[in-house]
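Novice: Protein sequences, first through last, are from chains X and R.
Be aware that the first sequence starts at 1, since it is given in the working numbering, and climbs by one per residue.
Be aware that the second sequence starts at 1001, since it is given in the working numbering, and climbs by one per residue.
Have a look at the structure that comes next, please.
2 protein chains.
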Amino acid sequence: MAEPLSGRAGVPATHGRGERVTGDEVPPRGSVRGSVERAVREALLTGRFVPGRAVTLRGLAQELGVSPMPVREAVRALSAGNALDIRPNGRIQVPTMTRPRLEEILKARLLLEPELAGLAAPGLNRADAAGLAEIDDRIDASLDGGDAETYMRLNHAFHFRIYRAAGSQVLLPLVETLWLQFAPFMRTVYGRVGTSALVDHHKEAVDAIRAADARALRDAVAADIRCGMDLLVEGFPAPG
Amino acid sequence: MAEPLSGRAGVPATHGRGERVTGDEVPPRGSVRGSVERAVREALLTGRFVPGRAVTLRGLAQELGVSPMPVREAVRALSAGNALDIRPNGRIQVPTMTRPRLEEILKARLLLEPELAGLAAPGLNRADAAGLAEIDDRIDASLDGGDAETYMRLNHAFHFRIYRAAGSQVLLPLVETLWLQFAPFMRTVYGRVGTSALVDHHKEAVDAIRAADARALRDAVAADIRCGMDLLVEGFPAPG
DNA sequence: CGTTTATAAATGTGATCACAAATTGGCGTG
DNA sequence: CACGCCAATTTGTGATCACATTTATAAACG
C-alpha cells in the first residue's frame, strides 16, 4: 500500500492535554491545520483523490500523523469551496462530476482565467518566460512518459505562475477553487483515455509573455483552457 | 447594547458529554454549525459586521448560545472564502477594504453576474417578475426611509432571486463569496454618505424578464453593478 | 444459498480541557 | 505626563471524550 499523502506517521504531535515535551520546538500558529489543508489540496490537484473517494476525518488524521481536530477544520475549509463534498448523512467524499457542472466550470474558467492572465501580463518578465518554458519542457516530458500526476502538478504550476503575477487577491482564489473542483475528474479521464491526445497552447503563452503582448497571452490561455476542457467534456461517460 | 445576532441565548444546547435530556427532540445533523454560518453570513451581508470588527470564537458562541466548537467550523468555512480574515496572529476579524481589492471585486462581479443573469433568463417567468417588482418597491421604500440594513437585505434578495434561477452549482457560489466580501464595506459607505445617491437598474431588469430578453437582463444587471460599485469606489477614503 | 436480522465497528458532531501566544490593563519609574 | 515593565485576561489551537447515526459485518433462519 502506497502512502497517498505525505506525512510522517508515528509522530503523535502531542500538544494541549498530552504529556509535554519540554525540549521540542513549538510549531507556529495554526501550522498543523495549514499543512493538512495543503496536503489535501495537493492530493486533489494532482488527482490522487479520485472522485467518489470517501474521506474520513480519523483516516486522514492517521495518514498525516495528526489528530482529527485540525483535519476537521481543513476539510471544512475545503468543502466551503466545493473542493470536498459533504453528503446529507455527513460523510465526506471527493465530489463526483456531472455534465452540467463540468460545463459550468468551463464557462467560469473562460470568464476568469484569460482576464487574470491579461492582468498578469505587465508583471511578467524574461525570467518568468524562461521559467515557464522550462516547466513546459517538463510537461512535454511527462506527457511522453504518460505520467499524469506529474503532468497535472506541472500544468497547475504553469498556469498559476502566470496568474500569480497579477497580484490578485480576489480573482486568484476564485480560480483556485475552480481547479480544485475539476482536477480530480481530470485525472480519471486521463487514466481512461491517456494523456496522448492532450494539446496545450503553452508555447503561445510563453511567446506572448516574451513579446509583452497581453492580448495574445489572454487568447493563448483561453485556447489552452478550451482544448483541455473539451477533452474532459468529450471523455464524459454520457456524451452528447 | 443591542443583540447583533439572532440566537436564543441561555440555552446551553447540551449535547455530547453534558447531561442528557431524554425527552427533547434531536437536532438534525450539523444543524448548529449550519445555523451559525447562516447567522454570520446574514450579519455580513446586511452590514451588521463592520470591517475591522473583531470576531472571537467564544464571543460569537455566547451571542448565539452555542458552544465554541460549531463556531470554529463556521468561521473556518467563511474565512476560506475570504468572508472573514484570519490575521497572522490568529485573530479573526471582518476584512477591511482596500482600493485595489474593491476594484478587483467590481471586475469579478462584472465578469460573473451578468453572465449568471443571462443564464437565468430562460428560467424566469411572470411570477418571478412580479415578485422581483414587489421586492424593488420595498427597496425604494427602504431607500426613502434611509434604512441601509433593510436595503442591503432586499438588494441581495433581488439579485439572488434572479441568479438562483440559473440553477448554477458553480457560478452562484462564486458570486456569493464576492457579495460576502464587499457587503460589510458597502454598509460603512452608506453610513457615511447615505443611500440617497443610490441609483439602481432594477426596473430595467424586471422589464427584461417580462420581455424574456436575456440580453437586456444581462445589460441591466451589468449597469446596476456598475452604478452601485462606482458609488463605493468614489466613497473610498483615498480617492483617485 | 439467499434473505433478513442482530451485533459490532466506524464516523461526524458537539463539548470540554490544557496550553501558548497575544493582548490588555495597571503600576512604577524617569 | 510619557514610557517601559509585569501580571491578568483573552483568544485560537490542538486533544480527547461522549453520543447518535450510519455503515459494515456476522449470524440465523427459511
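Every residue, glycine too, gets a C-beta built ideally from N, C-alpha and C.
Could you name the residues of the segment 99-127 of chain X whose beta carbon sits closer than 8 angstroms to any beta carbon of chain R, in the order they occur along the chain?
Specialist: Pro100, Arg101, Glu104, Ile105, Lys107, Ala108, Leu111, Leu112, Glu115
Novice: Touch check for the segment 1221-1234 of chain R and the segment 1182-1197 of chain R: three-plus C-beta pairs under 8 angstroms?
Specialist: yes
Novice: To the nearest angstrom, report how far apart X/Asp24 and X/Pro70 are at their CA atoms.
Specialist: Note that X/Asp24 scores a pLDDT of 41, beneath 50, so its modelled location is shaky and nothing firm can be said.
Novice: Give me the chain X residues within the contact set of R/Gly1052, using Cβ-Cβ distance strictly less than 7 angstroms, ordered along the chain.
Specialist: By Cβ distance, chain X contributes nothing, its closest Cβ being about 17 angstroms from R/Gly1052, past 7 angstroms.
Novice: Taking CB distances under 9 angstroms as the criterion, tell me whether R/Ser1168 reaches chain X.
Specialist: yes
Novice: Give the DSSP-derived three-state secondary structure of R/Pro1012 in the structure shown.
Specialist: Residue placement at R/Pro1012 is poorly supported in this model, since its pLDDT is 41, which falls under 50; the coordinates are not used for a value here.
Novice: Kindly identify the DSSP beta-bridge partner or partners of R/Asp1085.
Specialist: R/Gln1093
Novice: Please classify X/Ala220 as buried or exposed, where buried requires at least 16 other C-beta atoms within 10 Å of its C-beta.
Specialist: Buried, since its Cβ has 16 or more Cβ neighbours within 10 Å.
Novice: Could you check the C-alpha separation between R/Asp1147 and R/Arg1138 for me, to the nearest Å?
Specialist: 11 angstroms
Novice: Go ahead and pull the three-state DSSP assignment for X/Val170.
Specialist: coil
Novice: So which residues on chain R does X/Pro173 lean against when the C-beta distance must stay under 7 angstroms?
Specialist: Asn1082
Novice: Any beta-carbon of chain X closer than 9 angstroms to the one on R/Asn1155?
Specialist: Taking Cβ atoms only, chain X never reaches closer than 9 angstroms to R/Asn1155, which makes this a no.
Novice: Residues of chain R with a CB under 8 angstroms from the CB of X/Glu73: which are they?
Specialist: Those within 8 angstroms of X/Glu73 in chain R are Arg1072, Glu1073, Arg1076.
Novice: Starting from R/Asn1155, follow the alpha helix (DSSP H) in both directions and report where the run begins and ends.
Specialist: 1148-1164
Novice: Does the beta carbon of R/Pro1088 come closer than 9 angstroms to any beta carbon on chain X?
Specialist: yes
Novice: Is the segment 121-135 of chain X in contact with the segment 1206-1221 of chain R, if contact means three or more CB pairs nearer than 8 angstroms?
Specialist: no
Novice: Suppose the cutoff is 6 angstroms on Cβ atoms and the five residues either side in sequence are ignored; what does the same chain contact list for X/Arg153 look like?
Specialist: Thr46
Novice: Using a Cβ-Cβ cutoff of less than 7 angstroms, which residues in the same chain neighbour X/Phe158 once the five nearest sequence positions on both sides are dropped?
Specialist: The beta carbon of X/Phe158 sits closer than 7 angstroms to the beta carbons of Leu132, Ile135, Asp136, Ile139, His202 from its chain, once the five residues preceding and following it are set aside; these are given in chain order.
Novice: How many angstroms separate the CA atom of X/Pro88 from the CA atom of X/Asp144?
Specialist: If you take the alpha carbons of X/Pro88 and X/Asp144, they lie about 42 angstroms apart.
Novice: Is there a C-beta anywhere in chain R that falls below 9 angstroms from the one on X/Thr96?
Specialist: no
Novice: Taking C-alpha atoms, which residue in X/Asp85, X/Val193, X/Ser67 lies nearest to X/Glu234?
Specialist: X/Val193
Novice: Counting C-beta neighbours from all protein chains within 10 Å, is the total for R/Ser1067 16 or more, i.e. buried, or is it exposed?
Specialist: buried
Novice: Going by CA-CA distance only, name the one from X/Glu113, X/Arg109, X/Val199, X/Val36 that's closest to X/Glu63.
Specialist: X/Val36
Novice: In chain X, which residues lie with their C-beta within 8 angstroms of the C-beta of R/Arg1029?
Specialist: Pro88, Asn89, Gly90
Novice: Just to confirm the assignment, what range does the alpha helix (DSSP H) spanning R/Ala1197 have?
Specialist: Note, R/Ala1197: premise wrong, no alpha helix (DSSP H); not H, not E.
Novice: X/Leu178 CB to nearest chain R CB: under 9 angstroms?
Specialist: Taking 9 angstroms as the CB threshold, X/Leu178 lines the interface with chain R.
Novice: Following the continuous alpha helix (DSSP H) through X/Ser31, name the residue where it begins and the one where it ends.
Specialist: 31-45
Novice: Any beta carbon of chain X sitting closer than 9 angstroms to that of R/Ser1035?
Specialist: no
Novice: Can you give the Cα-Cα distance for R/Ala1223 and X/Ser196, rounded to whole angstroms?
Specialist: 45 angstroms
Novice: Where does the unbroken alpha helix (DSSP H) through R/Ser1142 begin, and where does it stop?
Specialist: 1126-1145
Novice: Can you look up R/Val1256 in the DSSP assignment and give me helix, strand or coil?
Specialist: Limits of chain R in this structure are 1001 at one end and 1240 at the other, which puts residue 1256 of chain R out of reach.
Novice: Using the Cβ count rule (16 or more neighbours within 10 Å means buried), how would you classify R/Gly1081?
Specialist: buried
Novice: Determine the closest residue to X/Ser175 out of R/Ile1162, R/Leu1111, R/Ala1166, with distance taken between C-alpha atoms.
Specialist: The question names Ser, yet the displayed sequence has Val at residue 175 of chain X. Answer by Cα proximity: R/Leu1111.
Novice: Determine the burial state of X/Val170: buried for a count of at least 16 other Cβ atoms within 10 Å of its Cβ, exposed for fewer.
Specialist: buried
Novice: How many angstroms separate the CA atom of X/Ala130 from the CA atom of X/Arg164?
Specialist: 16 angstroms
Novice: For a quick check, are the C-beta atoms of X/Val32 and X/Val55 less than 9 angstroms apart?
Specialist: no
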